[in-house]
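Scroll down for the structure; my scribbles are underneath it.
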Amino acid sequence: MTEIHPSQRVAMLADAQNLYHTAQSLYSRNIDYSALLEKGVAGRELTRAIAYVVRADSPDEESFFEALVDIGFEPKIKEIKTFGDGSKKADWDVGMSLDAVTLANHVDTVILCTGDGDFSRLCSHLRHEGVRVEVMAFRESTAEELIEATDTFIDLSERQETFLL
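Residues in the sequence shown are numbered consecutively from 93, following my numbering.
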């Protein structure tokens with residue numbers, strides 16, 4: 093696929109729940125979204141940055157959502173659904189995929205920040221459409237099929253000092 097160059101139009105789609113839970117379970121630390129955006133865009137032209145978040149009614153989440161805006165992300169917020177058996181669910185897989193497909197005609201590169209293997213088909217589709225696909229995630233928790241479906245995989249674990257707070 094296309095090599096990286098300064099005039100490339102880039103969209104970053106960040107699966108905040110996936111990143112948060114992985115950073116917490118592996119390192120008991122949080123993601124530095126400012127570094128994620130800066131290093132991911134890498135001097136190219138940012139078209140859109142979206143962070144997919146879940147409202148969990150935790151005390152600091154509103155300030156987190158505001159911080160994302162200050163950094164340059166557009167937060168898309170989903171409420172947690174609680175089912176009759178007490179189980180809870182809130183994932184953004186379909187929303188992220190639809191946004192990526194919609195943005196594909198307006199960008200040269202889509203950066204997915206997730207290790208979720210469910211996105212491997214999306215990567216294959218985007219690449220088939222001529223869009224460069226990059227994934228930024230923690231290698232230890234990234235599905236092999238996702239890594240294989242991308243043009244570039246950036247392992248956040250290799251640069252913990254950059255990507256973790």
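Idealized CB from N, CA, C, for every residue including glycine.
Item, Value
"Contact check, Gly-164 vs Leu-129, beta carbons under 7 Å", "yes"
"C-beta contact flag for Asp-210 and Asp-185 at 7 Å", "yes"
"Distance CB(Ala-106)-CB(Ala-143) smaller than 7 Å", "yes"
"Option in Phe-245, Val-102 and Gln-109 with minimal Cα separation from Lys-170", "Gln-109"
"Cα-Cα separation between Tyr-112 and Gly-222, rounded to whole angstroms", "30 Å"
"C-alpha distance - Glu-236 paired with Val-227, whole-angstrom precision", "12 Å"
"Close-in-space but distant-in-sequence residues of the same chain around Glu-153 (CB under 7 Å, 5 per side omitted)", "Arg-147"
"Minimum C-alpha distance to Ile-96 - residue among Lys-131, Leu-118, Ser-120 and Asn-122", "Lys-131"
"Arg-219 - DSSP class collapsed to helix/strand/coil", "helix"
"Length of the line joining the Cα atoms of Phe-175 and Arg-136", "43 Å"
"DSSP-derived helix/strand/coil call for Asp-185", "helix"
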